[in-house]
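The structure appears below as structure tokens.
Residue numbers (the working numbering): 5 to 240.
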């Protein structure tokens, strides 16, 4: 029981500060980042390329995540040491579940939306072609860390003490929403929201990995491994 209680434990500062940060990350930064970099470029009279923008953005987000959630990261690191065997087994089982269920969901999504393209995958592929090293660091290391701390540590962990079902549902839906809403908005095509289905399985498995192992590092490792394998499958 102690292991599971640790999943939901957030200090009041982490809960308040993290919630504000999460809302800004999810809904504000996608619109504000590009104008901000344009302003910086004008003020400093420099040209900041898209690859460098992405790198700066994720390193800043990474740093803010560590600052806000340093207490949670310390606690979940201790939980990793206490439950290392369970964490390793959970990670392995999570990879198997992730790829098995994803294949079923991919086929279902293709039936529902036909030839609709996943623009998130296309964007990552384009970024790898133009700035491979920085993009790989972002996709495999920085993004999984930030997303797991926010969606599993904050959202799932914060809600789990009230209702595990609600915690799974809300964290999965928000995780899926993050990956598609900008494309639906930019394309003025609500059909892209069907692509949320593709992210429900990863969201569910990642939340389970955190819940089952008692440490956030399991879901971070699983997320990073899944992203790395996806990149390998697409480019090699």
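By construction, the Cβ of each residue, glycine as well, lies at the ideal position given by its N, Cα and C atoms. Remember, predicted model here, so these are calculated numbers, not experimental data.
Under three-state DSSP, which class holds residue i?
i: residue 130; result: helix
i: residue 87; result: coil
i: residue 77; result: helix
i: residue 144; result: helix
i: residue 234; result: helix
i: residue 135; result: coil
i: residue 27; result: helix
i: residue 21; result: helix
Are residue i and residue j touching if we call contact CB-CB under 8 angstroms?
i: residue 187; j: residue 196; result: yes
i: residue 95; j: residue 235; result: no
i: residue 19; j: residue 162; result: yes
i: residue 80; j: residue 221; result: yes
i: residue 84; j: residue 91; result: yes
i: residue 99; j: residue 229; result: yes
i: residue 35; j: residue 157; result: no
i: residue 138; j: residue 58; result: yes
With a 10 Å radius around its C-beta and 16 neighbouring C-beta atoms as the bar for buried, classify residue i as buried or exposed.
i: residue 170; result: exposed
i: residue 180; result: buried
i: residue 17; result: exposed
i: residue 115; result: exposed
i: residue 206; result: buried
i: residue 44; result: exposed
i: residue 82; result: exposed
Could you check the C-alpha separation between residue i and residue j for me, to the nearest Å?
i: residue 223; j: residue 210; result: 5 angstroms
i: residue 232; j: residue 143; result: 8 angstroms
i: residue 155; j: residue 51; result: 33 angstroms
i: residue 173; j: residue 48; result: 45 angstroms
i: residue 145; j: residue 54; result: 19 angstroms
i: residue 166; j: residue 215; result: 14 angstroms
i: residue 159; j: residue 31; result: 15 angstroms
i: residue 13; j: residue 89; result: 22 angstroms
i: residue 147; j: residue 62; result: 7 angstroms
i: residue 110; j: residue 46; result: 44 angstroms
i: residue 177; j: residue 198; result: 12 angstroms
i: residue 33; j: residue 41; result: 11 angstroms
i: residue 127; j: residue 133; result: 10 angstroms
i: residue 135; j: residue 150; result: 20 angstroms
Original post:
Would you call the stretch 59-69 and the stretch 176-193 touching, i.e. three or more CB-CB distances under 8 angstroms?
Top reply: no
Subject >> Any 3 or more C-beta pairs closer than 8 angstroms across the stretch 18-26 and the stretch 103-110 >> reply: no
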